[in-house]
Every structure is written in structure tokens, then in C-alpha cells.
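Note sheet for the following structure.
Protein chains: 2
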Amino acid sequence: MSTLPLQNIRILDLTGLLPGPLCTMMLAEMGAEVIKVERPETGDLIRHMSPLLYAYLNGKKQVVQADLKSENGIRYIKETVRNSAVFVEGFRPGVVKKLGIDFDNLVLENPSLIYCSISGYGQTGPNAGVPGHDINYQSITGLFSICGDPDGGPEFPSGIQTADIAGSMYALTSILAALHQPKNAPARFLDISIANAMSMWMMPRYLEYLTRNKPPKAELMGRGAYGTFLTRDGRYLCLGVVEHHFWINLCKKLKLDDLLQDESLVGWTAINARRQEIMPRLQQLFLKQDLDYWLRELKDADVPVSAVRDIGDWTHDPQFKHNNFIPHHKDGTIDQSAFRRFPVDLAI
Amino acid sequence: MSTLPLQNIRILDLTGLLPGPLCTMMLAEMGAEVIKVERPETGDLIRHMSPLLYAYLNGKKQVVQADLKSENGIRYIKETVRNSAVFVEGFRPGVVKKLGIDFDNLVLENPSLIYCSISGYGQTGPNAGVPGHDINYQSITGLFSICGDPDGGPEFPSGIQTADIAGSMYALTSILAALHQPKNAPARFLDISIANAMSMWMMPRYLEYLTRNKPPKAELMGRGAYGTFLTRDGRYLCLGVVEHHFWINLCKKLKLDDLLQDESLVGWTAINARRQEIMPRLQQLFLKQDLDYWLRELKDADVPVSAVRDIGDWTHDPQFKHNNFIPHHKDGTIDQSAFRRFPVDLAI
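Following this line, the structure appears as C-alpha cells:
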């Protein structure tokens, strides 16, 4: 019989929508028992917005209905918290205090409780009371300003719920780390701010921005042989050339002898600086053959290359088929109940 | 004296660039002792590409130079692994076997070792040997196809190293989970594929895509009152209206009485479906005042609103100043040595 890492850990989960439930979904996947509390009747809003996502996030949790505005509801929370290692909530700051289930109150029930609050901007600070969603937390970290067209403006967020997911991943890692502390450790309060979590993921680019003396977007995000190119059959190819030996492999394969011999074109920065000359030349070449031709040829030449997949076809990519993360029924339709929730097998 | 969760845990780290070092940076932040092995002379490539990022990622690690092509180098790895809980490597699949430090070899030194390999596509499958970088792993999961302009093509990646960061976060969570297993558990192999990690973060949007019967990009990503708007002073405002009560607050504040009274405009889907009418009307209104006016007014009206910050100014946002994640010296310059590496305080 296989054993998962968090067996015998109980989590009481009062969150809804994406960030909290995604975190506790992964805790459940690691073997924890997750009790998800939903309000009576309407339940979690995501039930109505995206039923498949609701099932994915919450399918392995025990769902309990409780009215937190009733004495019975609050009694249920307090009783359950006594035998739970972790409590997770995602209300707007101040709400749990009104309900009588804030940190100070629940610590009376369980003096070693790990109390995790997930909110947009954290429990304190000028924005603590401001409502928000993923797009707002992306916007204040400056993520938009480095997304999309290097020559374009700061209009569009990244396509996935990057900030919500950041909040979720840091809630998860904080809880996993806190669970390493002794069982009788004093109660801990994990104040997860989704905006703060998102800001951590800005750091690599931000430090690049500082290192390069604060260049404008076109220069910061513009790359020489790192980008997408249209091919003859209307599909896109993606090149990720960073190291110099890959640049040599690319130039040799494409017979770009003048670039190959150009001694000023050594190193990533030099190649990026000449992107306005290099990119159109690469684009012109790639239009001469279909995507599959280039994938085959460039993989053979040991160049970092990939197909640009669409949200409709990525699950058919041979690599993802190999992993079987998105299993298909025999008739070719997707087996939604078996979608993978964590990418690594943790059982022993 | 404060105690961190991973004190007394040693990690031997053979990774470079971003994904591996970001993972072990957070393990160090949780109290682990991280020994980072770099090749002699050149060292980690990121030293040269982005010195500030190198210092951020590796500043709290013990850095050791070892030539893995020498007997001495390999002996050092094998000896150190005996007293390490975790070994992390980021070479292309096959390399560790050639060096003699693959899973089977290192388990002979430490039968309870947690061996974590971080690679682009995992250790097996059609792409296992193909080189790649962040942009490639983003591209095969279909992320580009939902980024940027809802009416645009699949040309641009998300601005941060989303896939590399995903690989890093799942390596971290897998290691943290594996460390919960008994100290004398059999050795475990954690096969972290950056592409697989990225695919996990596609799931919420992918399930929305399936729930909504596979709409085209404009429909999937086009939103009614969820997006960015130019204001009078040339700066951008971000609205994140999802729940109906926020829609009511917005319409009341902006005196959009006809929309407020329109009974067909109830619920997110209905509002998104009429985006081509709603977005231009909102844009027209927002051009009449400056960003700060709208932030103040809409926060007062309890609408999910935020500023669209730039990579150059986000650290000056009052909320981030409050957190002091990016500390400044007294003269106003940034204190790079004190940048926050994990958003939550885990000491007890």
C-alpha cells in the first residue's frame, strides 16, 4: 500500500473561487484530508462560473455546508479546528473577526493551529480593504508592462491567472514549511497577500531591469533569437536561443554564414541588441517551410525549438500525450475526472 | 532565538540559471543549508547575464567550485550527498548518468536521498533530449494563445519566466512534501518537468475553455468590465469586476443607469458577451479624469480597481512600500542586499 506525505493531516478550508481551493487541492493530492466549507444554497461561486473547474479543484475534498452567520455554523468551525492542523480562509480582511473565527479566537480552540489567510493585498496596508481579482494584483506589480508586444503598451495581463496562482503556490509552500515545525509549536499566522506573492515572481525580471540600467520595454523584452515566427502552413514556431553554442547551431543549420562569422555577435546581449536586423531575417526563412519541417530539422541540429500550441491543441502534443496528464477515453474524448492535479508522484 | 522550519536540512544543489537556483533559494530562506556547486572559472551562466539576479538567487548559499569531469569533483559530490537530505540537479537528461552521479549511483551513498531532477520536458518522452528555455515550455502548453490582445494572435509569451517559475515552485513543493516522509524512507526520485509544471497552471483556463465549449480567443479572453483603460493623464486603470454586486457598484458610481437597469446584464457571462458595447463606453468615461481620481473614487465605491504599474514604478506603489519587500537606503536608492526572497515570515 502506498503512503502519501500528508496522511493524517486535516485541513479546514473556508475558501472559494481559485486561489484557496487550488492550494488545498494540492494539499489533498499530497494525502491531507481537506474539509471544504461552503455556504448553504449558492455554495462556492465557481460552481456556477466553471463547473469543470469546481470539480477539478474540489473533487477530492469533503464538502460540508455551514452557515457562518449562524451559531451552529460557528460551533462546527470551532469544533473541527480542534482536530485540524491547518485552517485556511480567503475572506476580505476583517470578515473573520466579525464572524468570531479570527486567529485570536481559533487559537483558543487549538493552540498549535496553522492559520492561513489568503487575501488580495494582505491583512494590513493602504489596500487591505480594497476588493480585487487576479487582474488587479497582476496590474500593480507591473506585469502588464512587460507582457505582449515589446513595441506595445501595458494593456494586457498574462493569459493565465498568474497572480491568483502565485498566491496559491505561496500559501501551499508556507503551509508545507509550517508543517515541518514541531506539532506542539505555538500557533502561526500565515498572512498570504496575492499581490505580494505576485511581486516575488517579478523579481527575476526586475533584477534584470536594474542590471541593464532600466531599459525601455522594447529593449528589455526584445530578443534576437528568442521569440515566435510564422511558418509556411500558418502555424508558429518558437525559438529559445540563449547560450552561444545554440546560436552557432542555429546559424549553421540556417546557413547564416555572415551572422556566424560576425565576431561582434557573441553573447546574448549582443544578439538581442541587433534583434531588429536578426528577427526579420529569421522570419523570412521560417516562412519557406511548414512548422513540422522546422521542428524536425532544428531538433536534429540541437537548437532550443518548440511548437506554439493553441489552448485547443496543446493536450495533443506528443510530449503531453506521453505524460498522460490529460487522459482520453477510448472514443477520443477527454476523461475529465482523471486530470492530473500535481505533476509529480509523491507516494512511497 | 527564532527557528526556521528547515533547520538541520542540507541540500546539495548542482543547478544553474533560474529554475533550480530559485527553488533552492526558497529552501535556504526556510532555514536549509544549501551547498551550491558551480563549475570552475565560468561558474553559473547567470553570473554574467544578470549579476544582481545571481546575488539574489544565491546570496545565502555556500558556493563551492567543483569540476564534475574530474575524480575529485565526483568524490566531493558523493561524500556530500551522504549527509544531505536532498540533491537537486538541472542537467539535460542523460548527463548525470555519464558523470556517474545519477539516481542509482547516489542512492548507494545515501539510501534515503530525495533526488530531484529539473529538466525541460522530464526524463522520458519524445522531447526529453530537446534543449529549451522558458519560452519553449510556455509555447507548447498553449499559454501564448491566451496572452495579450484578445483580438490578436499567439505571438507573445507572458512577460515573466512563467514556465521556469512553475518548474521551480513544483520542485520546491515536491521537495517540501517529500521531506514530510520518514527520515529513513526509501530514496525518492522527483522528476520535475518544467513543461509539465507549466501545464498544471494552464488547467484553470483550460477547464474554463472546455466548460464554455471551446470559444475562440476573443470570446474566451474578452471581458466586459475586467481589463485596462487609459485615463486622462496617460496612465492606465485596471478594473477587475466579476461578482454582480461589484458591477452594480461600478454602474452606480459611473451613473450608467441604462446598464444598471438592463435585466439581461446579470452575471459575468452576460456582461462579458456584451464587451464590445461596454468596454468603449467605460474607456470614454475614464479618459475624462486622471488615474488617481479614478482610484480614489472607485475604491470609495467598493469596486475592484487598481493602477497599472510599470516595471519601473511598481516598487513605489504605497502597498509595496508598506510591505518593505524592496527596501530603500536613506538616500532613496534601493537596498539590493535586502530584497525579500519569500513573502511570508516562517520563523517561530
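Chain order of the listed sequences is A and B. Going by our numbering, the first sequence opens with residue 28, and the numbers climb by one from there. Going by our numbering, the second sequence opens with residue 28, and the numbers climb by one from there. Just so it is clear, CB atoms sit at the ideal spot from N, CA and C, and this is done for glycine as well. Quick caveat, the model's predicted, so the values are computed rather than measured.
I want to know whether the stretch 323 to 341 of chain B touches the stretch 260 to 278 of chain B - three or more CB-CB distances under 8 Å.
Yes, the stretch 323 to 341 of chain B touches the stretch 260 to 278 of chain B.
Give a yes or no on whether 8 Å exceeds the smallest Cβ distance from Thr258 (chain A) to chain B.
Closer than 8 Å: no.
Nearest CA to the CA of Arg323 (chain B): which residue from A:Val157, A:Ala82, A:Ala59?
The shortest C-alpha separation from Arg323 (chain B) is found at A:Val157.
Please classify Ala224 (chain A) as buried or exposed, where buried requires at least 16 other C-beta atoms within 10 Å of its C-beta.
Ala224 (chain A) should be labelled buried.
According to DSSP, is Arg215 (chain A) helix, strand or coil?
Three-state DSSP puts Arg215 (chain A) in a strand.
Quick one: Cα of Leu247 (chain A) to Cα of Ala300 (chain A), how far?
Those two C-alpha atoms are separated by around 10 Å.
Say whether chain A places a C-beta atom closer than 8 Å to the C-beta of Leu80 (chain B).
It does; some Cβ of chain A falls within 8 Å.
Whose C-alpha, out of A:Met76, A:Arg259, A:Lys124, is nearest the C-alpha of Lys315 (chain A)?
Selected option, being the one with the closest Cα: A:Arg259.
Which term fits Ser364 (chain A), buried or exposed, when burial requires 16 or more other beta carbons within 10 angstroms of its beta carbon?
The residue in question, Ser364 (chain A), is exposed, as its Cβ has fewer than 16 Cβ neighbours within 10 Å.
Could you tell me whether the Cβ atoms of Arg37 (chain A) and Glu60 (chain A) are closer together than 8 Å?
Cβ distance < 8 Å, so Arg37 (chain A) and Glu60 (chain A) count as in contact.
Counting only the same chain and skipping the five closest in sequence on each side, list residues whose C-beta sits under 8 Å from that of Pro242 (chain A).
So the qualifying residues of the chain are Tyr236.
What did DSSP end up calling His355 (chain B) once you bin it into helix, strand or coil?
Note: His355 (chain B) maps to strand in three-state DSSP.
Rounded to a whole number of angstroms, what is the C-alpha to C-alpha distance between Gly179 (chain B) and Asp176 (chain A)?
Each residue's alpha carbon lies about 10 Å from the other.
Would a check of beta-carbon distances place Ala112 (chain A) closer than 8 Å to chain B?
With 8 Å as the cut-off, Ala112 (chain A) does not count as an interface residue toward chain B.
Where Ile128 (chain A) and Ile104 (chain A) are concerned, what is the direct C-alpha to C-alpha distance, given to the nearest angstrom?
Going from the Cα of Ile128 (chain A) to the Cα of Ile104 (chain A) covers about 8 Å.
Answer yes or no: do Gly186 (chain B) and Leu170 (chain A) have a C-beta to C-beta separation smaller than 8 Å?
Against a cut-off of 8 Å, the Cβ pair of Leu170 (chain A) and Gly186 (chain B) comes out as a contact.
Any residues in the stretch 310 to 332 of chain A with a beta carbon nearer than 8 Å to a beta carbon of chain B? Which ones, in chain order?
Residues passing the 8 Å Cβ filter: Lys326, Asp329, Val330, Pro331, Val332.
Tell me, please, whether the stretch 202 to 209 of chain B touches the stretch 210 to 217 of chain A by the rule of three or more beta-carbon pairs shorter than 8 Å.
No, because fewer than three Cβ pairs between the stretch 202 to 209 of chain B and the stretch 210 to 217 of chain A fall closer than 8 Å, the two stretches do not touch.
Closer than 7 Å by beta-carbon distance: list the chain B residues that pair up with Val335 (chain A), in chain order.
Here the neighbours are Ser166, Phe171, Pro181.
Within 10 Å of its beta-carbon, does Glu182 (chain A) have 16 or more other beta-carbons around it, so buried, or fewer, so exposed?
Classification for Glu182 (chain A): buried.
With DSSP as the reference, label Lys87 (chain A) as helix, strand or coil.
In the structure shown, Lys87 (chain A) sits in coil (DSSP, three-state: anything other than H, G, I, E or B).
Throw me the rounded Cβ distance for the Thr42 (chain B) and Ile145 (chain B) pair, which I believe falls under 8 Å.
Yes, Thr42 (chain B) and Ile145 (chain B) are in contact; Cβ-Cβ is about 6 Å, under 8 Å.
When Cβ atoms are compared, which residues of the stretch 43 to 74 of chain B fall closer than 8 Å to chain A?
Result list: Leu45, Leu49, Met53, Met57, Leu72.
Using C-beta distances below 7 Å, list every residue in its chain close to Arg367 (chain A), excluding the 5 sequence neighbours before and after it, in chain order.
Answer for Arg367 (chain A): Phe352, listed in chain order.
Anything in the stretch 200 to 222 of chain B with a Cβ closer than 8 Å to a Cβ of chain A? List those residues in chain order, please.
Taking 8 Å as the Cβ-Cβ cut-off against chain A, the residues of the stretch 200 to 222 of chain B that qualify are Thr200, Ser201, Leu203, Ala204, Ala205, Leu206, His207, Gln208, Ala212, Pro213, Arg215, Leu217, Asp218, Ile219, Ser220, Ala222.
Who are Thr255 (chain A)'s beta bridge partners in DSSP?
Paired residue(s): A:Cys265.
What is the DSSP secondary structure of Tyr197 (chain A), reduced to helix, strand or coil?
Three-state DSSP puts Tyr197 (chain A) in a helix.
Would Lys63 (chain A) pass as a contact of Asp94 (chain A) if the rule is Cβ separation under 8 Å?
No, they are not a contact pair.
Can you find at least 3 beta carbon pairs, one from the stretch 108 to 116 of chain B and one from the stretch 133 to 145 of chain B, that sit closer than 8 Å?
Flag = yes, the stretch 108 to 116 of chain B and the stretch 133 to 145 of chain B touch.
With DSSP run on the structure shown, which of helix, strand or coil describes Asp40 (chain B)?
Three-state result, Asp40 (chain B): strand.
Using 10 angstroms around the beta-carbon of Gln34 (chain B), count the other beta-carbons present and answer buried if the total reaches 16, otherwise exposed.
So Gln34 (chain B) counts as exposed.
Quick one: does Met230 (chain B) have its CB under 8 Å from some CB of chain A?
Output row for Met230 (chain B): interface = yes.
Please check if any C-beta of chain B sits within less than 8 Å of the C-beta of Leu287 (chain A).
Closer than 8 Å: no.
By Cβ distance, which residues of its chain are closer than 8 Å to Gln89 (chain A), with the 5 residues on each side in sequence left out?
Excluding residues within five positions, the ones whose Cβ falls inside 8 Å are Glu60, Val61, Ile62, Lys63.
Which runs of the beta strand (DSSP E), 3 residues or longer, sit entirely within the stretch 74 to 150 of chain A?
If we require 3 residues or more, the beta strand (DSSP E) runs fully inside the stretch 74 to 150 of chain A come out as 89 to 92, 113 to 116, 141 to 146.
Can you pull out the residues from the stretch 122 to 153 of chain B whose beta carbon lies closer than 8 Å to at least one beta carbon of chain A?
Going along the stretch 122 to 153 of chain B in chain order, one finds Tyr148, Gly149, Thr151, Gly152, Pro153 with a Cβ nearer than 8 Å to chain A.
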